[in-house]
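Numbering (the numbering used here), first residue to last: 214 to 412.
Okay, structure coming up:
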């Protein structure tokens, strides 16, 4: 009888917009740790899953379609100015992301994996994970990073931040905290990698 391989530890990586989650994920990847990027998968589903697109059009109207695709900039403006609409959108997309994650992790033989997600707490996904890493960064740095990276206005970024879980609340769920304040990240990640590898 074939011995069932033990599933890797599931480590959540989260933090507000512009906190540096993706940079930290890339460091874990350089250490040969598999990373599942929930936000990238969400974008893929948003543009590629016909059922999801139809549901979103039903909920938010045909004006969010541009060149037969979801106009993500317009959709973002709608949902980040209305918390109920943001919850509605997350409820449409999240089950599909979860299915993709469950398929993805099935054949991973690493000691642990990273699940990167901006809405780990809001989606209740953290409840299915073994440990949580919270990335924190000063607010002014987060705003500056996001404006530069996404070509957004400060007002847009502040609206997004307003609709995300506050650090003070997120800390309650976190097992590890990474302070990303423009100082060297690599030693912090390597140290945490050693800890996680020995759990």
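Ideal Cβ positions, reconstructed from N, Cα and C, are used throughout, including at glycine.
- Taking C-beta separations shorter than 8 Å and ignoring five residues to either side along the sequence, the partners of residue 360 in its chain run 366, 367, 370, following chain order.
- Exclusion of the five residues before and after residue 325 leaves 221, 222, 224, 409 as the residues of its chain whose Cβ lies within less than 6 Å of its Cβ.
- Under DSSP, residue 282 takes part in a beta bridge, and its partners are 279.
- If you draw a straight line from the Cα of residue 395 to the Cα of residue 389, it is about 18 Å long.
- Residue 232 and residue 380 have their C-alpha atoms some 11 Å from each other.
- In the DSSP secondary-structure assignment, residue 249 is bridged to 328.
- For residue 264, there is no enclosing beta strand (DSSP E); the residue is part of the alpha helix (DSSP H) that begins and ends at 263-273.
- A straight line joining the alpha-carbon of residue 373 with that of residue 298 spans about 13 Å.
- Looking at the DSSP output, residue 392 sits in a beta bridge with 349.
- Between residue 248 and residue 254, the alpha-carbon positions lie close to 12 Å from each other.
- Between residue 246 and residue 313, the C-beta gap is not smaller than 9 Å, which leaves the two residues out of contact.
- For residue 223, the uninterrupted beta strand (DSSP E) run begins and ends at 222-227, by DSSP.
- Here the alpha carbon of residue 219 sits roughly 10 Å from the alpha carbon of residue 320.
- Here DSSP, grouped into helix, strand and coil, assigns residue 344 to strand.
- Residue 338 sits buried, since 16 or more C-beta atoms from the chains shown fall within 10 Å of its C-beta.
- In the three-state reduction of the DSSP assignment, residue 371 falls in the helix class, which pools H, G and I.
- Secondary structure of residue 358 (DSSP, three-state): helix.
- With the rule of 3 Cβ pairs closer than 8 Å, the segment 269-283 does not count as touching the segment 338-358.
- Counting only the Cα atoms, residue 296 lies some 15 Å from residue 287.
- With contacts defined by Cβ atoms closer than 9 Å, residue 227 and residue 331 form a contacting pair.
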